[in-house]
Structures are given as C-alpha cells and as structure tokens.
Amino acid sequence: MQPVSRARGAVIDLLLVLAALLPIVPAVRAILRSPVGRFAMFGDYASLEIQTRLVATGGTLLGPYSRFGFNHPGPLYFYALAPVYWASGGTSTALFLGPSLVAAASIGSIVVALRRLAGAAYAIASCLVLLAWWAAFGSVVSIPWNPLVVALPLLAFTVLSVLVASGRAIAAAPAILFGAFAAQTHLSCVPYVVVIVLLTVLAVVLRARGAPRAGRRSYVAALAVLVFTSLPALVEELLPRGGNLSKIVKLFVSRPEPPKPWGEALLQLARVSAWIPERIAARSLAKEPIDPEPMWSAPFPPDLARPSTTL
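Position one of the sequence shown corresponds to residue 59 (the numbering used here), numbered consecutively onward.
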C-alpha cells in the first residue's frame with residue numbers, strides 16, 4: 059500500500075467522516091423541529107438536566123445517579139452536555155442534541171482511526187457498518203439516558219486504543235478521553251476500559267523495547283487528560299460530605315445480595331443480544347422511525363408562579 063500524502067489523507071478523512079455522519083443531519087433536524095419545552099423533564103432526565111445546569115457553579119462532581127445508591131464514577135458526560143446546554147439558552151432540547159454530537163464525535167474518530175490504521179478500504183467498510191448501526195438504533199441515539207450514550211464512545215475508545223498499540227502515539231489522548239467518558243458515565247464500562255488500557259500499555263512497552271522512545275509528548279498529554287478528567291471524582295471523595303468511590307467499592311466488596319449464577323447472566327446477555335435479530339425476524343425494523351423521538355411534553359400552565367419554574 060503506497061503512503062498517502064498528508065493533505066490527501068486529510069481530504070479522504072473528511073469525506074469518509076461526512077459519509078458516516080449523513081444520518082445525523084435528519085436526526086438533529088428532527089430534534090430542532092420538535093423542541094422539548096423547558097422544565098418538561100421528569101425522572102432520570104430531570105436529574106440529568108439539573109446536574110448539567112450545576113456544571114457552571116462547580117457543583118457537578120459525580121456522574122449520573124444509580125438506583126443502587128451511588129453515582130456513576132464521574133461527571134464528564136455533564137461537562138460534554140454543558141456547552142450545548144448553554145448555547146441553546148438552557149433549554150431541555152440540548153439534552154438530546156448533546157448525545158447526538160457525542161455520537162458524531164465518536165463516529166468521526168472511529169472512521170479516521172481505521173483509515174490511519176488499516177487504510178481507506180477498511181474505513182469505507184466501517185462507514186457501512188456505522189450506517190447500518192444508525193439504521194438499527196437511530197431512533198434512540200439521541201436519547202440522553204447514560205446506558206445508551208456510552209455505546210459509540212466505547213467503540214471509539216477501542217479503535218483508538220488499537221491505533222495506539224500499533225505505534226500511533228498521537229491517538230493516546232483521544233483514546234483516554236473516550237475511555238474516561240464511557241467509564242465515568244456508566245460503571246459497567248469500567249472493567250472493560252481498565253483491561254483495554256492495560257493491554258494497550260503492555261503493547262506500547264513491548265514495542266518500545268530496543269527502539270528509540272517516540273511519542274513521549276503524546277503519552278504525557280494522555281496522562282494529563284486522565285488526571286484532569288479524574289479530578290472531580292477524586293475531589294468529591296476527599297470532601298467531608300464525599301465518598302462516592304467508597305460507596306461503589308463497598309457495594310462490590312460487601313454485596314447485599316448473592317451474585318447471579320453464570321447461567322442467568324448468560325441468559326440475560328442472550329436476551330439483550332437478540333434484540334436486533336428479533337426485530338428483523340418480526341419485520342418490525344423496517345417500520346421503525348429513523349428520526350429520534352425525544353419525548354412528549356405538556357406545556358406548563360400560564361399562571362404558574364415564576365419562582366417555581368426557576369432553578
């Protein structure tokens with residue numbers, strides 16, 4: 059395979075990213091056509107919006123709340139939502155635009171990383187796979203629920219980690235950023251992220267043996283990203299009122315319930331994995347809307363007191 063010039067490579071990257079991101083245009087347009095009224099959120103979504111608002115005051119140090127009595131490890135999700143929220147004038151619609159932009163950043167990173175790692179043919183194949191993914195999940199990709207938001211960032215983290223392991227140190231900082239985002243936003247991602255980071259570090263160390271040290275600045279930048287993104291959770295742990303990381307450790311060390319049998323765990327995994335085949339077999343996938351459907355909301359009564367609708 060002949061090397062591609064930097065300018066030509068940048069053009070190819072741009073074209074591939076634009077091709078992979080085509081579905082996001084009607085998705086964002088659909089959200090903007092059906093904005094969500096202010097103070098229309100409830101339940102988990104209301105909690106996500108409140109924590110996003112508190113970013114400006116420095117009061118957001120933890121991730122989304124879990125029904126098991128702790129918060130997910132960190133607030134990086136809310137920091138990603140906050141600029142979109144402020145730019146929208148503090149409207150709840152931003153909570154649906156934000157995940158769309160996170161998905162777009164993830165998809166763009168995946169395509170560019172694969173083009174740099176394996177060439178344009180593999181990048182084009184990844185575009186087709188991502189377009190198929192969007193066809194299957196386009197109606198939920200803009201939903202702000204944190205277990206859904208982490209899917210594409212986790213995939214971007216994996217692909218970028220492979221790029222780092224192959225000797226492309228420049229991908230280290232973006233890989234850490236996506237990995238930190240997934241791990242902080244949902245606790246279930248932590249074991250996977252930790253294992254992939256350890257394997258990547260091992261590959262980098264083995265590759266560096268007997269070779270001149272290269273990419274030191276990139277690895278220092280990646281370490282800085284890791285430290286910076288971890289600070290809020292560490293600060294919260296050290297505060298007198300803190301201890302969320304301790305709560306998480308305590309939950310797994312002294313479980314209130316016995317662990318689920320492997321058979322039941324595998325059965326649950328099979329049920330989740332069968333969602334797409336089930337929709338294909340039932341011929342319902344083709345009938346599902348591609349555009350996201352944020353939520354239905356009722357307007358507040360006009361005579362509602364202003365202080366009661368202000369946070």
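Heads up, the beta-carbon is just placed ideally off N, CA and C, and yes, glycines get one too.
Per-residue burial, residue i [other beta carbons within 10 Å of its own, 16 or more giving buried]
i, result
"residue 85", "buried"
"residue 74", "buried"
"residue 164", "buried"
"residue 150", "buried"
"residue 173", "buried"
"residue 107", "buried"
"residue 162", "buried"
"residue 80", "exposed"
"residue 140", "buried"
"residue 110", "buried"
"residue 257", "exposed"
"residue 184", "buried"
"residue 195", "buried"
The alpha helix (DSSP H) enclosing residue i, as first and last residue numbers
i, result
"residue 128", "First-last for residue 128: undefined, no H or E at that position."
"residue 120", "Residue 120 -> no alpha helix (DSSP H), and no H or E assigned at all."
"residue 216", "209-223"
"residue 185", "178-195"
"residue 257", "248-266"
"residue 113", "Looking at the DSSP string, residue 113 is not in any alpha helix (DSSP H), and its letter there is neither H nor E."
"residue 69", "64-78"
"residue 237", "230-243"
CB of residue i within 8 Å of CB of residue j, strictly
i, j, result
"residue 136", "residue 113", "yes"
"residue 129", "residue 121", "yes"
"residue 236", "residue 211", "yes"
"residue 127", "residue 202", "no"
"residue 283", "residue 234", "yes"
"residue 277", "residue 230", "yes"
"residue 265", "residue 225", "yes"
"residue 175", "residue 221", "yes"
"residue 232", "residue 288", "no"
"residue 241", "residue 251", "yes"
Rounded separation between residue i and residue j - CA only
i, j, result
"residue 82", "residue 131", "29 Å"
"residue 69", "residue 134", "31 Å"
"residue 215", "residue 286", "17 Å"
"residue 200", "residue 158", "5 Å"
"residue 341", "residue 291", "45 Å"
"residue 145", "residue 154", "13 Å"
"residue 169", "residue 189", "12 Å"
"residue 179", "residue 304", "47 Å"
"residue 312", "residue 218", "35 Å"
"residue 152", "residue 299", "30 Å"
"residue 279", "residue 259", "15 Å"
"residue 315", "residue 124", "17 Å"
"residue 244", "residue 329", "20 Å"
"residue 247", "residue 64", "35 Å"
"residue 181", "residue 208", "22 Å"
Secondary structure of residue i, DSSP reduced to three states
i, result
"residue 139", "helix"
"residue 315", "coil"
"residue 340", "coil"
"residue 92", "coil"
"residue 297", "coil"
"residue 203", "coil"
"residue 151", "coil"
"residue 353", "Because the pLDDT at residue 353 is just 47, under 50, the model does not fix this residue reliably, and the value given afterwards should be weighed accordingly. Coil at residue 353, not helix or strand."
"residue 146", "coil"
"residue 273", "coil"
"residue 198", "coil"
"residue 81", "coil"
"residue 226", "coil"
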